[in-house]
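Enquirer:
Residue numbers (our numbering): 404 to 539.
1) Ignoring anything shorter than 4 residues or poking outside the region 457-539, list the alpha helix (DSSP H) runs there in chain order.
2) If we call anything under 8 Å between Cβ atoms a contact, is residue 516 one with residue 479?
3) Below 8 Å between beta carbons: does that hold for residue 475 and residue 526?
4) Can you tell me the Cα-Cα spacing of residue 477 and residue 538, whole angstroms?
5) Keeping to the same chain, check which residues put their C-beta closer than 8 Å to that of residue 414; ignore five residues upstream and five downstream.
6) For residue 459 versus residue 502, is the C-beta spacing smaller than 8 Å?
7) Tell whether a beta-carbon distance below 8 Å holds between residue 511 and residue 439.
8) When the Cα atoms are used, what is the spatial distance from residue 498 to residue 452?
9) Quick test of your reading: residue 435 and residue 513, contact by CB under 8 Å. State the CB separation rounded to the nearest angstrom.
10) Residue 454 bridges to which residues according to DSSP?
11) Check for me: the alpha helix (DSSP H) holding residue 430 runs from which residue to which?
In structure tokens:
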């Protein structure tokens, strides 16, 4: 009985530790929201809905909730041409945000991937650093 309880408790601890390691902290989300408000809100709007045919929404789009590397690359490189996202084309340019630090990009992307109804994994500064090295 003791072994079974210990195994169950250990399994529960592992699940909780893994879940808490993946959940972004309130501090990261607050920092991300601050950066979003300063650099992203004008184009993508307070609610993340963007502007039809100009600036893409951040709500459950493939680029937002999909592979982190593509999103990080887009933020670092920006765009100067029409981009298709989920079958819709958006025409406004997005300037590169490569002047932001790795932890700032990680925070804002974690905020975006955790807000507006999105429930995607966090982006780490290490993720951004790896992509930044390949974008140069």
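Idealized CB from N, CA, C, for every residue including glycine.
Please read these numbers as outputs of a predicted model, since none were measured by experiment.
Expert: In short, the structure shows the following:
1) As summarised for the region 457-539, the continuous alpha helix (DSSP H) elements at least 4 residues long and confined to that stretch are 465-468, 471-480, 505-517, 528-538, given in chain order.
2) Not closer than 8 Å, so no.
3) Yes.
4) Their Cα atoms are separated by approximately 10 Å.
5) Residue placement at residue 414 cannot be trusted, given a pLDDT of 46 that sits under 50; the coordinates are not used to answer.
6) In this structure, residue 459 lies away from residue 502, with their beta-carbon atoms at least 8 Å apart.
7) Cβ atoms of residue 511 and residue 439: closer than 8 Å.
8) Looking at the two C-alpha atoms, the distance is approximately 19 Å.
9) That belief holds up - the Cβ atoms of residue 435 and residue 513 are roughly 5 Å apart, short of 8 Å.
10) Per DSSP, 458.
11) Secondary structure note for residue 430: its alpha helix (DSSP H) is the uninterrupted segment 429-442.
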